[in-house]
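K.L.:
This is the structure I want to talk about, given as structure tokens.
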Amino acid sequence: MKALDRVGGRKFVLCMLVTLCVTVLLALGKQIDMASASVLLGTAGVYITGNVAQKRLVPTTAAPAAPTTPEA
Numbered sequence: 207m208k209a210l211d212r213v214g215g216r217k218f219v220l221c222m223l224v225t226l227c228v229t230v231l232l233a234l235g236k237q238i239d240m241a242s243a244s245v246l247l248g249t250a251g252v253y254i255t256g257n258v259a260q261k262r263l264v265p266t267t268a269a270p271a272a273p274t275t276p277e278a
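Per the numbering used here, the very first residue in the sequence shown carries number 207; after that it's consecutive.
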């Protein structure tokens, strides 16, 4: 298992880094403008869209089919 998979995956880590950066800037007294708010909202939207698309497009690993007996 990769290190990123243990913490939630690449999309999750990227989303959390962007959120952390904006939070730190706000805590330091920097003003947040509409561009920063849009980046934060867009990051969350991309994360959600990516997860939905991944579940929809990537097939899940199903249990292998039971062996069939050859017909006589």
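Beta carbons: idealized from backbone N, C-alpha and C, even for Gly.
Taking one C-beta from the stretch 244-264 and one from the stretch 221-233 each time, how about it: are there three or more such pairs within less than 8 Å?
P.N.:
Taking 8 Å as the limit for Cβ pairs, the verdict is that the stretch 221-233 does touch the stretch 244-264.
K.L.:
Quick check on DSSP: helix, strand or coil for residue 237?
P.N.:
Translated into the one-based positions of the sequence shown, residue 237 becomes position 31. The answer is coil: DSSP assigns residue 237 none of H, G, I, E or B.
K.L.:
For the candidate residues 262, 232, 234, 218, whose alpha-carbon lies nearest to that of residue 250?
P.N.:
Position 44 of the sequence shown, counting from 1, holds the residue named residue 250. The candidate whose alpha carbon is nearest that of residue 250 is 218.
K.L.:
Using the C-alpha atoms, what's the distance from residue 224 back to residue 232?
P.N.:
Along the sequence shown, read from residue 1 onward, the residue named residue 232 stands at position 26. Along the sequence shown, read from residue 1 onward, the residue named residue 224 stands at position 18. One C-alpha to the other measures close to 12 Å.
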